[in-house]
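Report on the following structure.
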Amino acid sequence: MRRDQMSEITVLAGTNRSGKREGFDQIIIRPGDTLSIVGPTGSGKSAFINDIEVLAQADTVTGRRILVNGVPPSDEMARDPSKKPIALITQSTRVIADLDVSRFLELHIEARKQTHIEDLIENTIALTNEFTGEQITEAMSMTALSGGQTRALLIADAILIGRTPILLLDEVENAGIFKERVISCIKECRKTVIFVTHDPYLALRTDRRIVMSNGAVVKVLEPHDRERATIARVSEIDDLLWDLRERIRSGELIGEEDAIDEKIGVPA
Amino acid sequence: MKLAIIAGTASVGKTAVVRQIIREFREGCNPAYVKIDVVRAFEDEELREEFGIPTRKVYSGDLCPDHAGIMVLQDAISWAQNLGSGLLIIESAGLCLRCTPYTTQSFGIAVLSAVSGSNSPLKMAPMIAQADMAVVTKTDLVSQAEKEVFREYIKEVAPSIDIIETNAIQGTGMRYLMKALSAYPDLSDAEQIVLRGSPPLGVCTICVGKKEIGWQHHFGVIRPLEEADNIYRGD
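Quick mapping for you: the protein sequence lines, in order, are chains V and C. Remember, my numbering sits 1 above the position in the first sequence when you count from 1. With my numbering, letter number 5 in the second sequence gets -7, and the count goes up by one each step, no holes.
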């Protein structure tokens, strides 16, 4: 089976920090699903996506097991990163290699034994630049990229070069990437994505929300259309905040003429 | 008794790997541990305190630590056997990439760190090529792309080596190491154990204490800059 033909991931429940069983039997994640993991710091959000990334077989602290298409993954899939259908991108994910962008991408393309190297490098850089406000070029050094640029490049790399069907993104919203563009691109490409997030807008935009506490899943919410009106409203607030952030970053003063209260509809 | 020999440069996470092995084999295997180091080492005390297992350390001082390890290995095996241990773990100091410490009748583990740069497997070829398994640590800190490139380079050095990727602190991915170590045969005859690889070409005058720089001041195994392709030139 090729990685990109992989259809679904099943998470089987483990236990919380006190050894009590989690609040679900199984969570099935199908191609194109979007999920968010929410909960306070230290509640086990990152451990949840780490379990998926390592295709845990009751061998991590949580005791969860991960099935691929309903069966335990093969050793080869679990062990060889190029056979693994999953890319994990975290805030601490670094690029160590002291290479320029195009050589870095070229090495990854070679490791994947893909062809049309030049086109692929060009497309990956173009997609990266859709995700980040600070444009990158192929001659830039990987180690000199900002946090946001690195995150954007790694997401584009996972989509186009890794062709990974499942993306796990751990608090990427803090890196200043265009999250709306990322989420719509992921949906267009029928990728599965799981966001660990503290960002209300991102959490609302996903199909399902997994709520964590004390190392365990305590709830799985499927809001369907019930939050639609809220999403539209939060989107406006988010746009407003984005605009403010950009203006503050460029050195502007924000005053009464900006009518913030009016824009977010605060009663006088 | 099984013998496991763990090598890898400083700070790659050798002891984190050892901790996971001890955790797995503590029940029923009575693991014993020997650390070889140059000047100071604390791992023996930490592991003894944490797991209550017999541990020792050897300071090599002026001797090369891999040489020191080879010198004491026979005694270390007798020590562990007398304690009724089912698994002796030897952790090297991790200095030299040339004279690898793996022996016959032992399971050799090369520990590499994913954050050491993707070329590093190419630089430490003998340490990897003579091992049974390469354990790549700190993979949670690097990008997917770099993990894949790192793996390709290990394969270039040792095409058939078993590779596992891990965050050794969490122990993710270590089940394959445990499986392979469990399946590895006990040592059969300690008297017959020999080094897997050939040691370097004998001592040089720097090894025996001459401090002058430049090949003109030395004899035996010497190498001028412009003849770097020659293996050595006799005096």
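Just so you know, even glycine gets a beta-carbon here, dropped at the ideal spot from N, CA and C.
For a Cβ distance threshold of 7 angstroms, nothing in chain C lies close to F49 of chain V: the least Cβ distance comes to about 13 angstroms. Only residues of its own chain outside the window of five on either side were considered, and among them Q136 have a CB closer than 6 angstroms to the CB of N130 of chain V, listed in chain order. Rounded to whole angstroms, A178 of chain C and Q62 of chain C show a C-alpha spacing of 7 angstroms. Look at the beta carbons and you see the stretch 243 to 250 of chain V not touching the stretch 41 to 58 of chain C: under three pairs across the two are nearer than 8 angstroms. Remark: fewer than three beta-carbon pairs, one from each stretch, lie closer than 8 angstroms, so the stretch 142 to 156 of chain C and the stretch 182 to 196 of chain C are not flagged as touching. For R80 of chain V, a Cβ of chain C is located within less than 8 angstroms of the residue's own Cβ.
The shortest CA-to-CA distance from S101 of chain C to any of C:P147, C:A29, C:T3 is the one to C:T3.
Under DSSP, E111 of chain V takes part in no beta bridge, so it has no partner.
Taken atom to atom, the span from the alpha-carbon of T94 of chain V to that of I77 of chain C is near 32 angstroms. In this structure P212 of chain C is exposed. Its beta-carbon is surrounded by fewer than 16 other beta-carbon atoms within 10 angstroms. Against chain V, the beta carbon of Y164 of chain C has neighbours under 9 angstroms at D76, A79, R80, listed in chain order. Between I(-6) of chain C and E79 of chain C, the gap from beta carbon to beta carbon is short of 8 angstroms. For E54 of chain V, the three-state secondary structure derived from DSSP is helix. At a Cβ-Cβ threshold of 8 angstroms, T42 of chain V and I29 of chain V do not count as neighbours. Here P114 of chain C is buried. Its C-beta has 16 or more other C-beta atoms within 10 Å. Of all residues in the stretch 167 to 201 of chain V, none is placed with a Cβ closer than 8 angstroms to any Cβ belonging to chain C.
Taking 8 angstroms as the upper bound for CB-CB distance, G216 of chain V and R18 of chain V are in contact here, some 4 angstroms apart. Secondary structure at E223 of chain V: coil, using DSSP grouped into helix, strand and coil. Counting the other CB atoms within 10 Å of its CB gives I255 of chain V a total below 16, which places it among the exposed residues.
Distance from the CA of S83 of chain V to the CA of R164 of chain V, rounded to the nearest whole angstrom, comes to 10 angstroms. For the stretch 58 to 91 of chain C, there are no residues whose beta carbon sits under 9 angstroms from a beta carbon of chain V. If you draw a straight line from the Cα of I97 of chain C to the Cα of A168 of chain C, it comes to about 11 angstroms. With fewer than 16 other beta carbons inside 10 angstroms of its own, L110 of chain C counts as exposed. Using a Cβ distance threshold of 8 angstroms, I41 of chain C and A68 of chain C do not count as a contacting pair. CA-CA distance, L168 of chain V to Q58 of chain V, rounds to 20 angstroms.
In this structure, A146 of chain C places its C-beta atom within 8 angstroms of the C-beta atom of I116 of chain C. Under the Cβ criterion (8 angstroms, minimum of three pairs), the stretch 20 to 38 of chain V counts as touching the stretch 212 to 227 of chain V. Of all residues in the stretch 117 to 138 of chain C, only L129, V130, S131, Q132, A133, E134, K135, E136, V137 place a beta-carbon less than 7 angstroms from a beta-carbon of chain V. One Cα belongs to A98 of chain V, the other to L155 of chain V, and the distance between them is close to 13 angstroms.
Assigned with DSSP and collapsed to three states, S37 of chain V falls in strand. Close partners of Q92 of chain V in chain C (Cβ separation under 8 angstroms) are lacking, with about 11 angstroms as the shortest Cβ gap. The continuous stretches of beta strand (DSSP E) do not include G49 of chain C, and DSSP gives it neither H nor E.
The criterion of a C-beta distance shorter than 8 angstroms is not satisfied by N51 of chain V and E9 of chain V. DSSP places I195 of chain V within a strand segment (E or B) once states are collapsed to three. Less than 8 angstroms separates the beta-carbon of V96 of chain V from that of E134 of chain C. DSSP, read as helix, strand or coil, puts M141 of chain V in coil.
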